[in-house]
Amino acid sequence: GAGVSQSPSNKVTEKGKDVELRCDPISGHTALYWYRQSLGQGLEFLIYFQGNSAPDKSGLPSDRFSAERTGGSVSTLTIQRTQQEDSAVYLCASSGQGAFYNSPLHFGNGTRLTVT
Amino acid sequence: SQELEQSPQSLIVQEGKNLTINCTSSKTLYGLYWYKQKYGEGLIFLMMLQKGGEEKSHEKITAKLDEKKQQSSLHITASQPSHAGIYLCGAPDIYNFNKFYFGSGTKLNVKP
Numbered sequence: 001g002a003g004v005s006q007s008p009s010n011k012v013t014e015k016g017k018d019v020e021l022r023c024d025p026i027s028g029h030t031a032l033y034w035y036r037q038s039l040g041q042g043l044e045f046l047i048y049f050q051g052n053s054a055p056d057k058s059g060l061p062s063d064r065f066s067a068e069r070t071g072g073s074v075s076t077l078t079i080q081r082t083q084q085e086d087s088a089v090y091l092c093a094s095s096g097q098g099a100f101y102n103s104p105l106h107f108g109n110g111t112r113l114t115v116t
Numbered sequence: 117s118q119e120l121e122q123s124p125q126s127l128i129v130q131e132g133k134n135l136t137i138n139c140t141s142s143k144t145l146y147g148l149y150w151y152k153q154k155y156g157e158g159l160i161f162l163m164m165l166q167k168g169g170e171e172k173s174h175e176k177i178t179a180k181l182d183e184k185k186q187q188s189s190l191h192i193t194a195s196q197p198s199h200a201g202i203y204l205c206g207a208p209d210i211y212n213f214n215k216f217y218f219g220s221g222t223k224l225n226v227k228p
């Protein structure tokens with residue numbers, strides 16, 4: 001079946017512009033994660049959605065970052081007024097039930113964001 | 117917060133050699149996952165360890181979990197160029213299972 005799909009695969013934007021990154025999880029997966037991977041760094045947790053529960057936003061680095069998940073499926077990560085330090089690969093993952101239930105995360109190929 | 121430290125940070129081995137990558141947690145481990153990442157791609161799930169002393173194998177890759185040491189090791193036997201990539205360990209945060217932490221990764225190069 002289809003895996004996690006992310007779009008666009010690459011995005012170049014000017015400093016100060018807003019960007020939207022999209023994630024289409026595996027069908028039927030209730031848990032969805034966003035991570036950021038900066039050059040030479042590990043994965044930084046951003047936000048977690050589980051079913052219809054309120055998302056865990058504790059990893060969002062600033063109020064310029066927001067995410068939503070419509071209909072329990074597709075998710076959009078929005079970065080407002082982008083800064084150069086936002087340049088990174090943004091990875092989305094989905095899971096059948098979430099890591100709490102020892103259900104593995106399945107990752108998309110990521111969106112490489114470059115802020116010039 | 118929970119931290120996962122991986123060692124070594126990078127590794128270059130000759131094809132056919134064995135190697136081991138370690139992942140040590142600063143807190144109690146409730147499950148440990150291993151992933152592999154190739155440049156420009158997402159993470160590929162390798163295996164999950166849930167219990168202390170558990171050992172799993174997939175092809176030439178074996179992973180073990182030592183709960184007492186809060187550590188996991190990934191061992192590759194008779195390495196091949198196809199094993200090259202970045203290996204990351206991940207685990208749920210014991211204070212917030214919604215959060216899933218990753219180590220910073222071990223970059224493996226296999227020389228033919």
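Chains as they are written, first to last, in this note's numbering: chain E, 1 to 116; chain R, 117 to 228. We treat Cβ as the ideally placed atom computed from N, Cα and C, and that holds for glycine.
Practice task
Decide if residue 222 of chain R is buried, meaning its Cβ has at least 16 other Cβ atoms within 10 Å, or exposed.
Solution key: Position 106 of the second sequence, counted from the start, is the residue given in the question as residue 222 of chain R. Per the 10 Å Cβ criterion, buried.
Practice task
Return the CA-CA distance between residue 152 of chain R and residue 128 of chain R, expressed in angstroms with no decimal places.
Solution key: Looking up residue 152 of chain R in the second sequence gives position 36. Looking up residue 128 of chain R in the second sequence gives position 12. Going by the C-alpha atoms only, they are around 16 angstroms apart.
Practice task
Could you run through the region 199–222 of chain R and flag, in chain order, every residue whose CB is less than 9 angstroms away from some CB of chain E?
Solution key: Of all residues in the region 199–222 of chain R, only 204, 206, 207, 208, 209, 212, 213, 214, 215, 216, 217, 218, 219, 220 and 221 come within less than 9 angstroms of chain E when Cβ atoms are compared, listed by chain position.
Handout entry: Coarse secondary structure for residue 199 of chain R, derived from DSSP in three states
Key = Translated into the one-based positions of the second sequence, residue 199 of chain R becomes position 83. In the three-state reduction of the DSSP assignment, residue 199 of chain R falls in the helix class, which pools H, G and I.
Practice task
Let me know the secondary structure DSSP gives residue 123 of chain E once reduced to three states.
Solution key: Shown here, chain E extends from 1 to 116; a query on residue 123 of chain E therefore has no answer.
Exercise for the section: Identify whether residue 110 of chain E lies in helix, strand or coil by the three-state DSSP scheme. Expected result: Start at 1 with the first residue of the first sequence, and residue 110 of chain E comes out as number 110. Of the three classes helix, strand and coil, the one that applies to residue 110 of chain E here is coil, per DSSP.
Exercise for the section: Compare the Cα-Cα distances from residue 190 of chain R to each of R:158, R:174 and R:184 and report the closest residue. Expected result: Position 74 of the second sequence, counted from the first residue, corresponds to residue 190 of chain R. Comparing Cα-Cα distances from residue 190 of chain R to each of R:158, R:174 and R:184, the minimum goes to R:174.
Problem - Local Cβ density within 10 Å of residue 78 of chain E, reported as buried at 16 or more and exposed below that - result: Your numbering for residue 78 of chain E matches position 78 in the first sequence. By the neighbour-count rule (16 or more Cβ atoms within 10 Å), residue 78 of chain E is not buried but exposed.
Problem - Segment limits, beta strand (DSSP E) that includes residue 225 of chain R - result: Taking the first residue of the second sequence as position 1, residue 225 of chain R is located at position 109. DSSP places residue 225 of chain R in the uninterrupted beta strand (DSSP E) bounded by 222–227.
Practice task
Using a cut-off of 7 angstroms between C-beta atoms, extract the partners of residue 104 of chain E located in chain R.
Solution key: In the first sequence, residue 104 of chain E corresponds to position 104, counting from 1. Correct list: 149, 161 and 164.
Handout entry: Near-chain E residues of the region 128–145 of chain R - C-beta to any C-beta below 9 angstroms
Key = Taking 9 angstroms as the Cβ-Cβ cut-off against chain E, none of the residues of the region 128–145 of chain R qualify.
Exercise for the section: Find the nearest neighbour of residue 167 of chain R within the set R:185, R:192, R:161 and R:159, judged by alpha-carbon distance. Expected result: Translated into the one-based positions of the second sequence, residue 167 of chain R becomes position 51. For residue 167 of chain R, the closest alpha carbon among the candidates R:185, R:192, R:161 and R:159 is that of R:185.
Problem - the region 41–66 of chain E: positions lying closer than 8 angstroms to chain R by Cβ - result: Considering only beta carbons, the part of the region 41–66 of chain E lying closer than 8 angstroms to chain R consists of 41, 42, 43, 45, 48, 50, 56, 58 and 59, in chain order.
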